[in-house]
Ligand SMILES: [Zn+2]
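Written out as structure tokens, the structure is:
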């Protein structure tokens, strides 16, 4: 006997428009979508139903660090789900190679045991160690490595489960590593880089697929010395991550990104640290002390940004408030990151898609989150909007 379908009613965020309708869910999957204008006028008109968000660059949250123990990964996954994130990549910062190998093994061992009431891990992301010292941001310079100095055999233990790796393309051996990763199905994300325009374009040509936090920790749009940001904007195939907290990239620049990049290549990411959702405070991230004051995260005692306390629900609200259409904002937080990872069985409201969904109120605050057809805890939405 099959249970009767769950029916959700509200304003549905489809690929290219928002329309009132119903979604039927059976056995964890969307079994039907019915559009119905009349729903717009009832109570359902105040509810927005969108695909669950997917954060491919997140270091922690709710007091938990992605590089912590099993309980920390559990806690981080639950924190993310409460903000509408149904899938994520736990992301490591630069660390000694043996420490990264331990992180990889630890996440792999946890994947099948991750809590059902948390965001689902899809593998992991390594932001280091192949970063340019001149654009290291908040990564410990002691742990940065040059790809040519790391033999393939030493890198191999990291590959299983690795979905995204940040690389500065100008480093010796970087282009070769990018090509090798592409063959293995790992996304090379160009970033933390002092590349010239030519070096940056070479990184994408070699197989670079994405761009780690566009404009942050990279050569930019200088009219005499264009850098990585220009290559990322002008390469239509390249994905670009945006940390839409209003701190990392001034909102005045967002329309430039939106006008230049194809809509399916924008990724909203949080780059959030463990202190997200915890108010002001201090923590150690990858061996360095960081502090949060009024929503801004810096290396303690400096003005260097060290990640964010953003969550993707807030990022979506921020870009919508800046004038971006809701379907494009939601796509950048769901369908696009999934497509980058080659995952197409979810991320859209359509028959046959997995029922990873988020229900939002009229102000886009999280009400409820559904993962694989199962409701989870009500949203505990404390994120700070800009
Ligand atoms: Zn990061």
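Numbering (our numbering), first residue to last: 2 to 387.
Positions of the beta carbon are idealized from the N, C-alpha and C atoms, including for glycine.
The structure displayed is predicted, hence computed values, not measured ones.
(request) Enumerate in chain order the residues of its own chain whose CB-to-CB distance from residue 227 is below 6 Å, with the five nearest sequence positions on each side excluded. (result) In the chain shown, residue 227 corresponds to position 226, counting from 1. Here the set comprises 198.
(request) Determine which residues share a DSSP beta bridge with residue 65 and list them. (result) Position 64 of the chain shown holds residue 65. DSSP lists 62 as partners of residue 65.
(message) I'd like the ranges of any beta strand (DSSP E) spanning at least 3 consecutive residues and lying wholly in the segment 286 to 341.
(response) 289 to 294, 297 to 300
(request) Report the option in 328, 39, 90, 7 whose CA atom is closest to the CA atom of residue 270. (result) In the chain shown, the residue the question calls residue 270 occupies position 269. When only C-alpha atoms are compared, the closest one is 90.
(message) Less than 8 Å between C-beta atoms, sequence neighbours within five positions excluded: which residues of the same chain meet that for residue 306?
(response) As a position in the chain shown, residue 306 is number 305, starting the count at 1. If we look at residue 306 and ignore the five residues flanking it on each side, its Cβ neighbours are 138, 139, 217, 248, 249, 297, 298, 299.
(request) Would you check if the distance between the CB atom of residue 25 and the CB atom of residue 6 is smaller than 7 Å? (result) Numbered from 1 along the chain shown, position 24 holds the residue referred to as residue 25. Numbered from 1 along the chain shown, position 5 holds the residue referred to as residue 6. Taking 7 Å as the Cβ cut-off, residue 25 and residue 6 qualify as a contacting pair.
(request) May I ask you to verify whether the segment 283 to 298 touches the segment 76 to 85, counting CB pairs closer than 8 Å and requiring at least 3? (result) no
(message) Between which residues of its own chain and residue 241 is the CB-CB distance below 8 Å, once the five residues before and five after are set aside?
(response) Mapped onto the chain shown, residue 241 falls at position 240. 211, 212, 215, 233, 234, 258, 262, 266, 267, 268, listed in sequence order.
(message) Suppose contacts are defined by Cβ-Cβ distances below 7 Å. Is residue 372 in contact with residue 357 by that definition?
(response) Walking along the chain shown from the start, residue 372 turns up at place 371. Walking along the chain shown from the start, residue 357 turns up at place 356. Yes, these two residues count as a Cβ contact at 7 Å.
(message) Using C-beta distances below 6 Å, list every residue in its chain close to residue 316, excluding the 5 sequence neighbours before and after it, in chain order.
(response) Walking along the chain shown from the start, residue 316 turns up at place 315. Result list for residue 316: 245, 269, in chain order.
(request) Return the residue from the list 185, 115, 194, 352 that minimises the CA-CA distance to residue 15. (result) For the purposes of this step, residue 15 is taken as residue 14 along the chain shown, with counting starting at 1. Nearest of 185, 115, 194, 352 to residue 15, Cα basis: 352.
(message) Classify residue 36: buried if its beta carbon has 16 or more other beta carbons within 10 angstroms, exposed otherwise.
(response) One-based indexing of the chain shown puts residue 36 at position 35. Exposed, because fewer than 16 other Cβ atoms sit within 10 Å of the Cβ of residue 36.
(request) Please look up how many angstroms separate the CB atoms of residue 178 and residue 142, rounded, as I've assumed it's under 8 Å. (result) As a working note, residue 178 is residue 177 in the chain shown. As a working note, residue 142 is residue 141 in the chain shown. No, residue 178 and residue 142 are not in contact; Cβ-Cβ is about 20 Å, not under 8 Å.
(message) Between residue 121 and ligand 1, is there a pair consisting of the residue's CB and a ligand heavy atom that are separated by less than 6 Å?
(response) Walking along the chain shown from the start, residue 121 turns up at place 120. For ligand 1, not one heavy atom lies less than 6 Å from the Cβ of residue 121.
(message) Looking at the strands, I want to know which residues DSSP matches up with residue 212.
(response) For the purposes of this step, residue 212 is taken as the residue at position 211 of the chain shown. In the DSSP output, where bridge partners are listed per residue, residue 212 has 191.
(request) Report the residue ranges of all beta strand (DSSP E) runs contained in full by the segment 122 to 147; include only those spanning at least 3 residues, in chain order. (result) 125 to 127
(message) The beta strand (DSSP E) that contains residue 369, what's its start and end?
(response) For the purposes of this step, residue 369 is identified with residue 368 of the chain shown, where counting begins at 1. Residue 369 -> beta strand (DSSP E) spans 367 to 372.
(message) Looking at residue 131: is its Cβ nearer than 7 Å to the Cβ of residue 168?
(response) As a position in the chain shown, residue 131 is number 130, starting the count at 1. As a position in the chain shown, residue 168 is number 167, starting the count at 1. Yes; because the gap between Cβ atoms is below 7 Å, this pair is in contact.
(message) Taking 7 Å as the threshold (beta carbon to beta carbon), is residue 8 in contact with chain C?
(response) No chain C appears in the structure shown, which is made up of a single protein chain.
(request) Measure the CB-CB distance between residue 136 and residue 193 and report whether it falls below 7 Å. (result) Translated into positions along the chain shown, residue 136 becomes position 135. Translated into positions along the chain shown, residue 193 becomes position 192. Yes; because the gap between Cβ atoms is below 7 Å, this pair is in contact.
(message) Once the 5 residues before and after residue 191 are set aside, which same chain residues still bring their CB inside 6 Å of it?
(response) Residue numbering aside, residue 191 sits at position 190 when the chain shown is read from its first letter. These residues qualify, in order along the chain: 170, 204, 209, 212.
(message) Please state the DSSP three-state secondary structure of residue 4.
(response) Taking the first residue of the chain shown as position 1, residue 4 is located at position 3. If DSSP states are grouped into helix, strand and coil, residue 4 belongs with coil.
(request) Could you spell out where the beta strand (DSSP E) holding residue 244 opens and where it closes? (result) On the chain shown, position 243 is the one that residue 244 refers to. That run of the beta strand (DSSP E) goes 241 to 244.
(message) Just to confirm the assignment: which complete beta strand (DSSP E) runs, minimum length 3, are found wholly within the segment 4 to 54?
(response) 7 to 14, 19 to 27, 30 to 36, 49 to 52
(request) Counting only runs of 3+ residues fully inside the segment 248 to 281, write out the beta strand (DSSP E) ranges in chain order. (result) 267 to 270
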